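FYI, UniProt numbering numbers position 38 of the sequence shown as 38, with every residue one higher than the one before it. Where is the CB? At the ideal position from N, CA and C, for every residue including glycine. Since the model is a prediction, treat every value here as computed from it, not as a measurement. Here's the structure, in structure tokens; my notes come after.
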Amino acid sequence: MEWWTHLWLNEGFATWVSHLAVDSFFPQWNIWTQFLDSTTTALRLDSLEASHPIEVEIHHASEVDQIFDAISYDKGASVIRMLQSYLGAERFQKAMASYMKKYAYSNAKTEDLWAVLEKETGEPVKDLMTTWTKQKGYPVINAKIKGNDIEIEQAQFLLDGSSGSGMWIVPLTSRCGAYDTEKKLLLKLKREKLVIGSQCGDRKKGGNFWTKLNIDGTGFYRVKYDDELAAALQNALETKKLSLMDKIGIVDDLYALSIARQQTFASLLHLLYGYRGEADYSVLSHINTVTTSIAKISADATPALAGDIKQLLIKILLSPAEKLGWDPKKGESHLDVMLRPLLLTALVQLGHGKTINEGVRRFNIFTRDRGTSLLPPDTRKAAYLAVMQNVSSSNRSGYDALRKIYKESAEGEERLQVLGILSSCRDKGIVLESLNLIFTSEVRNQDAYILLRGIQPEAREISWNWLKENWELISKTFAGSLITDFVETIVPLFTSNEKAAEISKFFATRTKPGFERTLKQSLENVRISARWAEGIRSEPGLAQTVRELLAKP
């Protein structure tokens, strides 16, 4: 790269190529499905007003740390995947070979890449990609069915519900009724029509009628369907007609649309219920992200319903968790090995009593016999979290046992895993004791963020007060990107405009070298959560929806 503005050429390409290489050697790993973790992470960050373009102007070296983020890495990789999908893998590879040959042993700018790709393919690459790299954000595609057409309209998507003015050239893909046909459309205008004809199935009979835009999540945009299209997709989901990547795409889109109050919270719960019994790791990883967020916002938005909502989320995740159990099975896939701890940890965090009790039982055996097969490394996090559910200042035996493991373990990975658990407690004294470890020799400066990420919403006020009281010491001890961890882990735990104002006032009189952008993004997330909670609080019929879903088989 010629200058830091083009950082994404290094990092975005490296992220994308790493997945391409893995898929080439191990296609059975379904790595492109897991790649959607990168895409959805970037979509969330890029739906903030405080986001930044992929090509961000850097005027001073001190600004560089702030752009080593999900935009440079994950959005960069995602728009490369989108471009490859639009051009086709073979044409893209040949054009990239020409680019690499031309700029071997030299520096290049983003414009140099577009020029070579355009020359080699004959496609309007520069005009297309400039809309994705030189402006922040992305569009939501509103899809409405009219006769044999789908009317589509693009608008900038922002989680705060406001309207942006961005416009993109969008490589649209769609399938309907089956996966053997695919339509492509380069959307250059705000509005367009997509002719679907009769291949999508009979609308009157339902059944096989469905239309999915943004096939396999190759495009960096969201889709909002009208009621008829959404109902058809829900049916396609429940009758197992959608690909794994499309299952991820529709739930992540509706989750974001619910936060922005463009779709109801009840519609999100209805869609999630369609995933009960899902067994794929990548899909359930995304479902877990959504359920965790729902559980947290529900506690603030509708405390009286929060318990029932947690029971509903447990109902969605329990079946695949019970099938996997706590113990590894001979011959199981590596994806099942990854899925087991994810589900067990999720159930513990949702307060599932049986899972918590089993975790505590296995942990107690483990403290007496570190070599026991009852608690292999993969499931220890779930057991450690289970133990922390019952820890308090007057009942700290579990906490002390974890501290002992942290101090005595010779395995770096094990120590970091325990460190991330120590602050996951509701007790004020224990949380403060854990946070203060950051100032001791027990915790390396570069590991502080791991402890901070364990803080639970119930301990946010304690943690914020601790941050304020120790800010001078923190700002002296932690430099560069390390200090951003304190802001981006504690601040977004809040969900009220009043707290956002208090936090903003606190930092207004303090210098913010290296974390000004992170602070803006974190405060914006607090205000977005406040707005989402307000919408949930005032949504009619939500309690009835929860009761009906709980009563379903």
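Check	Outcome
With a threshold of 6 Å on Cβ separation, who are the neighbours of THR33 within its own chain once the five nearest residues in sequence on each side are excluded?	LEU244, MET245 and SER282
For GLY217 versus GLY166, is the C-beta spacing smaller than 8 Å?	no
What are the residues that DSSP puts in a beta bridge with VAL223?	ILE141
By the three-class DSSP mapping on this structure, what secondary structure does SER285 have?	helix
Using three-state DSSP, classify LYS552 as helix, strand or coil.	coil
At what residues does the beta strand (DSSP E) containing GLN349 begin and finish?	Segment 334-349 is the alpha helix (DSSP H) holding GLN349; no beta strand (DSSP E) there.
At 4 residues or longer, and completely inside the stretch 430-518: list those alpha helix (DSSP H) runs for me, N to C.	448-452, 460-469, 471-477, 484-490 and 497-508
For TRP29, collect the residues of the same chain with a Cβ closer than 6 Å to its Cβ; drop the 5 residues on either side in sequence, then sort them by chain order.	none
If you check the beta carbons only, do TRP8 and GLY76 fall under 8 Å apart?	yes
Tell me whether the beta-carbon of ALA143 lies closer than 8 Å to the beta-carbon of TYR225.	yes
With 16 other CB atoms within 10 Å as the buried threshold, where does ALA439 fall?	Sequence check: residue 439 is Phe here, not Ala. By the neighbour-count rule (16 or more Cβ atoms within 10 Å), PHE439 is not buried but exposed.
What whole-angstrom Cβ distance do residue 561 and GLY454 have, given they're in contact under 8 Å?	Because the chain here runs from 1 to 553, residue 561 falls outside it and cannot be looked at.
According to DSSP, which residues form a beta bridge with LYS146?	ASP149
For ILE141 versus VAL223, is the C-beta distance shorter than 8 Å?	yes
Would you report the Cα separation of ALA410 and ILE474, rounded to the nearest angstrom?	28 Å
Count the C-beta pairs between the stretch 69-83 and the stretch 8-23 that are closer than 8 Å, then say yes if the count reaches three, no if not.	yes
How many Å lie between THR511 and ALA42 at the Cα?	28 Å
How far does the alpha helix (DSSP H) with PRO303 in it reach, from first residue to last?	303-324
Under 8 Å, with one C-beta from each stretch per pair, do the stretch 487-496 and the stretch 515-529 reach the 3-pair mark?	yes
Note down, in chain order, each residue of its chain lying with its Cβ closer than 6 Å to the Cβ of LYS212, except the 5 sequence neighbours on either side.	ARG175 and ASP246
Nearest-angstrom Cα distance between GLU278 and ALA21?	28 Å
For LEU467, which residues of its own chain have a beta-carbon under 8 Å away from its beta-carbon, when the five flanking residues on both sides are left out?	ILE474, PHE486 and ILE490
Alpha carbon to alpha carbon, how far is PHE515 from TRP3? Give it in angstroms, no decimals.	Bear in mind that the predicted position of TRP3 carries a pLDDT of just 48, short of 50, making it too unreliable to give a figure here.
Which of the three DSSP states, helix, strand or coil, is assigned to PRO124?	coil
How is the beta strand (DSSP E) around THR41 delimited, first residue to last?	No beta strand (DSSP E) holds THR41; the alpha helix (DSSP H) holding it covers 31-46.
Is it buried or exposed, ARG517, if we count other Cβ atoms within 10 angstroms and call 16 or more buried?	buried
In the structure shown, what three-state DSSP assignment does LYS184 receive?	strand
With DSSP collapsed to three states, give me the class of ALA155.	strand
Can you check which of these residues, MET82, CYS425, ILE405 and VAL360, is closest to VAL391 by C-alpha distance?	CYS425
Checking 8 Å against the spacing of the C-beta atoms, do LEU87 and GLU123 come in under that value?	yes
Pull the bridge partners of LEU172 from the DSSP assignment, please.	LEU185
Would you mind stating whether ILE450 and LEU419 have Cβ atoms separated by less than 8 Å?	yes
Any idea which residues DSSP pairs ASN395 with across the strands?	SER392
Nearest CA to the CA of ILE259: which residue from LYS136, SER298 and LEU335?	SER298
Helix, strand or coil for GLU539 per DSSP?	coil
Hey, residue 561 and ARG531 are a contact pair by Cβ (cut 8 Å); roughly how many whole angstroms apart?	Here the chain covers residues 1 to 553 and nothing more, so residue 561 does not appear.
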